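Asks: One structure, pasted below without further comment.
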Amino acid sequence: MQHFCKFVDHLKLLFPLLCVPIPGTKRLERIQENLGALQVKLTADDLAEIERISPKGVAAGSRFGSF
Numbered sequence: 001m002q003h004f005c006k007f008v009d010h011l012k013l014l015f016p017l018l019c020v021p022i023p024g025t026k027r028l029e030r031i032q033e034n035l036g037a038l039q040v041k042l043t044a045d046d047l048a049e050i051e052r053i054s055p056k057g058v059a060a061g062s063r064f065g066s067f
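Just so it is clear: in the sequence shown, position 43 is 43 by the UniProt record's numbering, and no numbers are missing.
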């Protein structure tokens, strides 16, 4: 995954429907890293790889409820 995202956190910020990202920081460098997620362009192959690694429904149970 490193070939398209410098920081794994970028992926979390790109998928707000799967989780609710709440980026917060007091450090300018962390804000700049978070904004880097806006520059990430995922290809169909990238999305397929994400689906392969973490298929829909993998986060299930009483903690997450049903999606």
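For glycine and all other residues, C-beta sits at the position ideal for the given N, C-alpha and C.
Note that the structure is predicted; figures quoted are calculated from it, not measured.
Should A48 be labelled buried (16 or more other beta-carbon atoms within 10 Å of its own) or exposed?
Replies: Exposed, since its Cβ has fewer than 16 Cβ neighbours within 10 Å.
Asks: The alpha helix (DSSP H) spanning F28 covers which residue range?
Replies: The amino acid occupying residue 28 in the given sequence is Leu; Phe does not appear at that position. Start and end: 28-35.
Asks: If you reduce the DSSP assignment to three classes, tell me which class L47 lands in.
Replies: Helix, per DSSP.
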